[in-house]
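FYI, the numbering for the sequence shown is 142 to 383, going by my numbering. Notes follow the structure.
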Amino acid sequence: MSEQETPPATTTFGRLKVSARERKRRIRGVFTDIARRYDLMNDLMSLGIHRSWKRTVARHCRDFPGVAIDLAGGTGDIASLLRASGREVIVCDPSLAMMAIGRERRKGILWSAAEAEHLPFADCSIDLLTISFGLRNVTDMDQALREIHRVLKPGGHFVCLEFSHPRFWLAPFYNLYSRFVIPTLGAAVAGQPEAYDYLIESIRRFPDQKTLAGALSAAGFEAVHWRDLSFGIACIHFGKRP
Numbered sequence: 142m143s144e145q146e147t148p149p150a151t152t153t154f155g156r157l158k159v160s161a162r163e164r165k166r167r168i169r170g171v172f173t174d175i176a177r178r179y180d181l182m183n184d185l186m187s188l189g190i191h192r193s194w195k196r197t198v199a200r201h202c203r204d205f206p207g208v209a210i211d212l213a214g215g216t217g218d219i220a221s222l223l224r225a226s227g228r229e230v231i232v233c234d235p236s237l238a239m240m241a242i243g244r245e246r247r248k249g250i251l252w253s254a255a256e257a258e259h260l261p262f263a264d265c266s267i268d269l270l271t272i273s274f275g276l277r278n279v280t281d282m283d284q285a286l287r288e289i290h291r292v293l294k295p296g297g298h299f300v301c302l303e304f305s306h307p308r309f310w311l312a313p314f315y316n317l318y319s320r321f322v323i324p325t326l327g328a329a330v331a332g333q334p335e336a337y338d339y340l341i342e343s344i345r346r347f348p349d350q351k352t353l354a355g356a357l358s359a360a361g362f363e364a365v366h367w368r369d370l371s372f373g374i375a376c377i378h379f380g381k382r383p
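Right under this line is the structure:
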C-alpha cells in the first residue's frame, strides 16, 4: 500500500482509539470469531426482521440488470437473493472465514477477497454494487465510496442497506435494547460479547440518513435518495453513477 493510499493514522474501534492498521486487524478478528454463528445472531438480534430488510433490497435491485457485486457480502445471503433473478453475482469481502461459510451453504456465487477501499475490479465494469451492514466497518468510508463509484459503469447503481437513526420516539427503547440485550445475546450464543460491543458501537457512530446521503453526493453519485425501514432502525440508500 502506498503512502497516499494509507488510511488516517488514528481511528476508532468501538470506544478505543487505534491505528487504521490495528482497526482492520481487530475487525477481521471479530468476523473470524463470529463467522459460524453470524447468520444466527442476526436472526436473534433483529428478531428475524433483517431477512425482510434484505428481501426489500433485492426487490429494489430487480430493475438493475447486469453483473452485481455484493460488497462485504459475508456468507452470501444477499448475493443468493440477487442471483435469484439470474444475474452473475460476486461476493467481495475481506473476511476469508465469512466467505468460507458462504461457500459451504451457497452455490453458483463467485467470491473475491478484498477491502472496500481497494477493489480488484476495472473502472466502469460493474452494473450494480450492493453493501449490507458493511459500510460502517470500513476504515475510510470516503475512499470506499470513491472506489465503488470508480468500478460502476455509467448508469450503474449503488444500493446500501445499513443500520441508521430511528425516529425520535423509538430511539430511547432501541438504544436500551442495543446497549444491553445485543451484547448479552452475543455472549450467550456466539461466546463473543466483545465482538458485539464493537458492532453496537459502530452502529452508534454511523452517520444519519442525511449525512450519508451527503457523502454519496460528494463521492459523485446522482439521484441520491433513501428509504427508511422499521421507522429508521435501518435504511436503504441509493445512488447512481452519472
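Ideal Cβ placement from N, Cα and C applies to all residues, glycine included. Model, not experiment: these values are computed from the prediction.
Tell me whether residue i is buried or exposed, calling it buried when 16 or more other Cβ atoms sit within 10 Å of its Cβ.
i	result
Asp204	exposed
Lys165	buried
Thr147	At Thr147 the pLDDT is 43, less than 50, meaning the model places this residue with poor confidence and gives no usable figure here.
Tyr339	buried
Arg224	buried
Pro324	buried
Ile265	It should be noted that the sequence gives Cys, not Ile, for residue 265. It is exposed - the Cβ of Cys265 has fewer than 16 other Cβ atoms within 10 Å.
Ala263	exposed
Glu245	exposed
Phe362	buried
Pro149	Residue confidence for Pro149 is low, a pLDDT of 49 falling below 50, so the modelled location carries little weight; the figure read from the coordinates is stated next. With fewer than 16 other Cβ atoms within 10 Å, it is exposed.
Trp367	buried
Cβ atoms of residue j and residue i: under 9 Å apart, would you say?
i	j	result
Glu303	Arg345	no
Ala257	Ala285	yes
Val208	Arg192	no
Ala360	His290	yes
Val198	Ser273	yes
Leu269	Cys202	yes
Leu326	Met186	yes
Restricting to Cα atoms, I'd like to know which of the options is closest to residue i.
i	options	result
Ile242	Arg178, Ser371, Lys351	Arg178
Asp174	Phe274, Val322, Met239, Arg224	Met239
Ala364	Arg244, Met182, Glu342, Pro295	Pro295
Phe172	Gly275, Leu353, Pro206, Ser187	Gly275
Pro352	Asn183, His201, His378, Ala199	One point to set straight first is that residue 352 is Thr, not Pro, in the sequence displayed. Of the listed residues, the one whose Cα sits closest to Thr352 is His378.
Leu181	Trp367, Phe321, Cys202, Ala329	Ala329
Asn316	Val292, Arg200, Ile341	Ile341
Cys301	Arg167, Pro348, Phe321, Pro261	Pro348
Ala356	Phe321, Met282, Gly373, Gly189	Met282
Gly373	Gly170, Gln350, Glu288	Gln350
Pro206	Ser226, Trp194, Leu188, Ile190	Ser226
Leu293	Ile168, Phe314, Pro261, Val322	Pro261
Pro383	Arg169, Ser358, Trp367	Ser358
Val322	Arg169, Gly170, Asn183	Asn183
Ile267	Glu288, Ala176, Arg247	Glu288
Ser343	Arg200, Ile168, Gly189, Arg247	Ile168
Assuming residue i and residue j form a contact by the criterion Cβ under 8 Å, report the distance between their Cβ atoms to the nearest whole angstrom.
i	j	result
His306	Lys381	About 24 Å separates the two Cβ atoms, so there is no contact after all.
Thr271	Asp211	5 Å
Leu222	Arg196	6 Å
Kindly say whether residue i, judged by its beta-carbon, lies nearer than 9 Å to any beta-carbon of chain B.
i	result
Arg287	Here there is only one protein chain, and chain B is not present.
(request) Check whether the region 197–215 touches the region 310–317, counting contact only when three or more Cβ pairs, one atom from each stretch, lie closer than 8 Å. (result) With the cut-off at 8 Å, the region 197–215 and the region 310–317 do not touch.
(request) Answer yes if the region 243–261 comes into contact with the region 224–234, meaning at least three C-beta pairs across the two stretches below 8 Å, and no otherwise. (result) The region 224–234 makes contact with the region 243–261: 3 or more CB pairs, one atom from each, lie closer than 8 Å.
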